[in-house]
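J.:
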DNA sequence: CGAAAATAGTTTGCTAAGCTAATTAGCGAT
DNA sequence: ATCGCTAATTAGCTTAGCAAACTATTTTCG
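Residue numbers (this note's numbering), protein chains in the order written: chain A, 775 to 924; chain B, 775 to 924.
#1: Can you give me the C-alpha to C-alpha distance between residue 839 of chain A and residue 877 of chain A, rounded to a whole angstrom?
#2: Please say whether residue 909 of chain B and residue 787 of chain A have beta carbons closer to each other than 8 angstroms?
#3: Kindly list the residues whose CB is nearer than 7 angstroms to the CB of residue 852 of chain A, restricted to its own chain and excluding five residues on each side of it in sequence; keep chain order.
#4: Name the residues in the region 790–807 of chain B whose C-beta lies less than 7 angstroms from a C-beta of chain A; which are they?
#5: Which same chain residues end up closer than 8 angstroms to residue 842 of chain B when comparing Cβ atoms and leaving out the 5 residues on each side of it in sequence?
#6: Cα separation between residue 907 of chain B and residue 905 of chain A?
#7: Run through chain B and tell me which residues come within less than 7 angstroms of residue 857 of chain A, C-beta to C-beta.
#8: In this structure, does DSSP put residue 859 of chain B in helix, strand or coil?
#9: Any beta carbon from chain A within less than 8 angstroms of residue 905 of chain B's own beta carbon?
#10: Here's the rule: buried if 16 or more other CB atoms are within 10 angstroms of the residue's CB, otherwise exposed. What is residue 861 of chain A?
#11: Between residue 945 of chain B and residue 826 of chain B, how many whole angstroms is the CB-CB distance? I'm expecting something under 8 angstroms.
#12: In chain B, what lies closer than 9 angstroms to residue 916 of chain A by C-beta?
#13: Starting from residue 820 of chain A, trace the beta strand (DSSP E) both ways and give me its first and last residue.
#14: Residues bridged to residue 873 of chain B by DSSP?
#15: The alpha helix (DSSP H) spanning residue 850 of chain B covers which residue range?
#16: Can you look up residue 923 of chain B in the DSSP assignment and give me helix, strand or coil?
#17: Determine whether the beta carbon atoms of residue 799 of chain A and residue 795 of chain B lie at a separation below 8 angstroms.
#18: Would you please state the rounded distance, in angstroms, between the beta carbons of residue 915 of chain B and residue 894 of chain A? I believe it to be under 8 angstroms.
#19: Have a look at residue 791 of chain A and residue 864 of chain A and give me their C-alpha separation to the nearest angstrom.
#20: Along the region 833–855 of chain B, where does the CB come closer than 8 angstroms to a CB of chain A? Name the residues.
#21: If you draw a straight line from the C-alpha of residue 777 of chain B to the C-alpha of residue 919 of chain A, how long is it?
#22: Please report the Cβ distance between residue 911 of chain A and residue 911 of chain B, rounded to the nearest whole angstrom; I am assuming they are in contact, meaning their Cβ atoms lie under 8 angstroms.
#23: Alpha carbon to alpha carbon, what distance is there between residue 797 of chain A and residue 789 of chain A?
#24: Does any C-beta atom of chain A lie closer than 8 angstroms to the C-beta of residue 787 of chain B?
#25: Residue 824 of chain B and residue 897 of chain B - do their beta-carbons sit closer together than 8 angstroms?
#26: Drop a sphere of 10 angstroms on the beta-carbon of residue 807 of chain A, count the other beta-carbons inside from all chains shown, and report buried for 16 or more, exposed for fewer.
#27: Can you give the Cα-Cα distance for residue 900 of chain A and residue 917 of chain B, rounded to whole angstroms?
#28: Take the Cβ of residue 866 of chain B as the centre, count every other Cβ of all protein chains shown within 10 Å, and call the residue buried at 16 or more, exposed below.
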């Protein structure tokens with residue numbers, strides 16, 4: 775299996791993967807609006823802040839691969855929801871550090887717990903090997919995104 | 775491996791997968807605008823029309839999991855690019871059938887060929903087993919989307 | 001048969017979430 | 001101390017989704 779990784783099968787895989795990601799991401803967005811009151815972008819940002827400790831909006835924007843103005847908006851949304859705290863950056867008066875507060879951690883835990891979340895609901899219909907495949911795919915997607923820089 | 779599929783690991787996998795998909799889809803959109811002049815949505819729709827033969831806008835909307843007005847817009851875009859043909863639906867005067875024309879097939883082939891496409895470029899850095907994992911993940915994502923219907 | 005209900009596609013107007021360009025405020029080097 | 005750089009924001013644009021309202025046709029049924 776996967777013994778033959780010709781360029782053709784490779785670009786073919788790329789096509790299918792792209793379509794699958796586009797469609798799933800669409801479904802996620804719809805679901806998110808209906809279910810959590812927090813957009814997928816905001817959720818992803820919150821998770822990143824939680825994982826990578828207090829960081830500046832610029833750093834966060836870079837991690838999430840969006841531009842700073844976009845992150846400004848997302849942070850505004852998270853702040854309105856009362857999920858993050860801003861503290862002044864001791865090293866730079868223009869900037870500040872963002873951290874998840876208790877409410878944010880609560881929300882993240884709740885999101886993770888949500889059995890009815892779109893993907894979790896569907897994952898429960900798969901067998902363990904298939905779930906594992908998707909778990910590894912998620913890691914791979916993050917990894918190839920990391921390599922990026924132009 | 776994957777022997778333990780507790781509900782915890784399952785919802786955890788769901789979280790990671792969702793974030794990975796959201797971020798990758800963002801990267802794809804940016805890339806698409808810059809590179810092909812055709813949005814990921816339009817590309818996915820074109821591929822579906824090509825794969826599933828001539829079909830009505832409603833059927834297409836259902837396959838792509840968008841609402842009819844959204845598909846109207848996407849089709850308008852594909853038509854402006856001269857990639858599809860509409861023929862009257864012999865069975866229903868209100869409707870019509872959409873099919874990919876030569877230019878559309880050309881474009882699809884070109885897209886698939888594009889070695890520099892975002893995902894293809896990154897896939898080439900992975901080893902065959904990893905590419906295979908992503909290929910199977912794409913299938914799984916499509917499959918769990920199929921199950922849907924509320 | 002003909003009127004009412006249902007359905008296909010479109011139009012209109014809204015929202016979310018990305019972007020770029022321009023602005024404001026603080027940092028740092030000459 | 002000033003001038004250029006960088007951080008965040010603001011303003012305005014775009015894309016792509018949605019729902020509701022509209023038009024045209026089909027289907028149903030009295």
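Quick reminder that beta carbons are idealized off the backbone N, C-alpha and C, glycines included.
T.: In terms of the structure at hand:
#1: Each residue's alpha carbon lies about 25 angstroms from the other.
#2: Yes, Cβ-Cβ distance for residue 787 of chain A and residue 909 of chain B is below 8 angstroms.
#3: Here the set comprises 816, 819, 820, 858.
#4: Taking 7 angstroms as the Cβ-Cβ cut-off against chain A, the residues of the region 790–807 of chain B that qualify are 790, 791, 792, 793, 794, 795, 796, 797, 798, 799, 800, 801, 802.
#5: Take residue 842 of chain B, set aside five residues on each side of it, and the residues of its chain with a beta-carbon closer than 8 angstroms to its own are 831, 832, 835, in chain order.
#6: Their Cα atoms are separated by approximately 11 angstroms.
#7: Residues of chain B passing the Cβ test: none, with the nearest at roughly 16 angstroms.
#8: DSSP places residue 859 of chain B in strand when its eight states are reduced to three.
#9: Residue contact with chain A for residue 905 of chain B: present (Cβ-Cβ distance below 8 angstroms to some residue of chain A).
#10: Exposed, since its Cβ has fewer than 16 Cβ neighbours within 10 Å.
#11: Residue numbering for chain B in the displayed model covers 775 to 924; residue 945 of chain B lies beyond these limits and cannot be assessed.
#12: Neighbours of residue 916 of chain A across chain B, judged by C-beta separation under 9 angstroms: 790, 793, 794, 797, 798.
#13: No beta strand (DSSP E) contains residue 820 of chain A, which is instead part of the alpha helix (DSSP H) from 814–825.
#14: DSSP lists B/859 as the beta-bridge partner residues of residue 873 of chain B.
#15: Where residue 850 of chain B is concerned, the enclosing alpha helix (DSSP H) stretches over 842–854.
#16: For residue 923 of chain B, the predicted structure reports a pLDDT of 45, less than 50, and the residue's modelled location is therefore unreliable. A value from the coordinates is still provided. DSSP, read as helix, strand or coil, puts residue 923 of chain B in coil.
#17: Yes. Within cutoff.
#18: In fact, because the Cβ distance is near 14 angstroms, the residues do not count as touching under 8 angstroms.
#19: Taking the straight line from one Cα to the other gives about 43 angstroms.
#20: Among the residues of the region 833–855 of chain B, those with a Cβ less than 8 angstroms away from any Cβ of chain A are 838, 839, 840, in the order of the chain.
#21: Annotation note: pLDDT 47 at residue 777 of chain B (below 50); position unreliable, no value reported.
#22: The Cβ separation is near 3 angstroms, so the contact holds.
#23: Inter-residue distance for residue 789 of chain A and residue 797 of chain A is about 12 angstroms (C-alpha atoms, whole angstroms).
#24: The beta carbon of residue 787 of chain B sits closer than 8 angstroms to some beta carbon of chain A.
#25: No.
#26: Residue 807 of chain A is exposed by the Cβ-count criterion.
#27: As the crow flies, the alpha-carbon of residue 900 of chain A is around 10 angstroms from that of residue 917 of chain B.
#28: Residue 866 of chain B is exposed by the Cβ-count criterion.
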